[in-house]
Amino acid sequence: QVQLVESGGGSVQAGGSLRLSCAASRSIFSFNTMGWYRQAPGKQRELVVMFTSDSSTNYADSVKGRFTISRDVAKNTVYLQMNSLKPDDTAVYYCNARLHVLSYWGQGTQVTVSS
Numbered sequence: 010q011v012q013l014v015e016s017g018g019g020s021v022q023a024g025g026s027l028r029l030s031c032a033a034s035r036s037i038f039s040f041n042t043m044g045w046y047r048q049a050p051g052k053q054r055e056l057v058v059m060f061t062s063d064s065s066t067n068y069a070d071s072v073k074g075r076f077t078i079s080r081d082v083a084k085n086t087v088y089l090q091m092n093s094l095k096p097d098d099t100a101v102y103y104c105n106a107r108l109h110v111l112s113y114w115g116q117g118t119q120v121t122v123s124s
């Protein structure tokens, strides 16, 4: 069973920064894709950014130029650096990893951006 544990959420003012971490219970290279989603109140869960199967990245248009995904293979951890945060970025952020037909989710971490 794969476990994903997120950390790093919190409350910041608009224009601030946060870094989220997602620690996996197995090698992150074993996954087909790995990345971050978010869900705001009353909205559907949406992709923020992911590493694809060829290690390229796929960012949502709304976060391009502000968010950066990275990884530390030795620590089995993926990071999400979020800069220039906006109130619209307020959501629960979830780490996701896919292995063949299986999809694994972290417990989520709250990010709140105030104006």
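Numbering (our numbering), first residue to last: 10 to 124.
C-beta atoms are modelled at their ideal positions from N, C-alpha and C, and glycine is treated no differently.
These figures come from a predicted structure and were not determined experimentally.
Backbone secondary structure at ALA49 - three-state DSSP: coil
For THR61 and LEU111, the rounded distance between their alpha carbons: 15 angstroms
GLN22 versus TYR102, TRP114, SER64 and LEU94, residue with shortest Cα-Cα distance: LEU94
Buried versus exposed call for PHE38 [16 or more other C-beta atoms within 10 Å across all chains shown]: exposed
For SER65: DSSP bridge partner residues: Answer is none; SER65 lacks a bridge partner.
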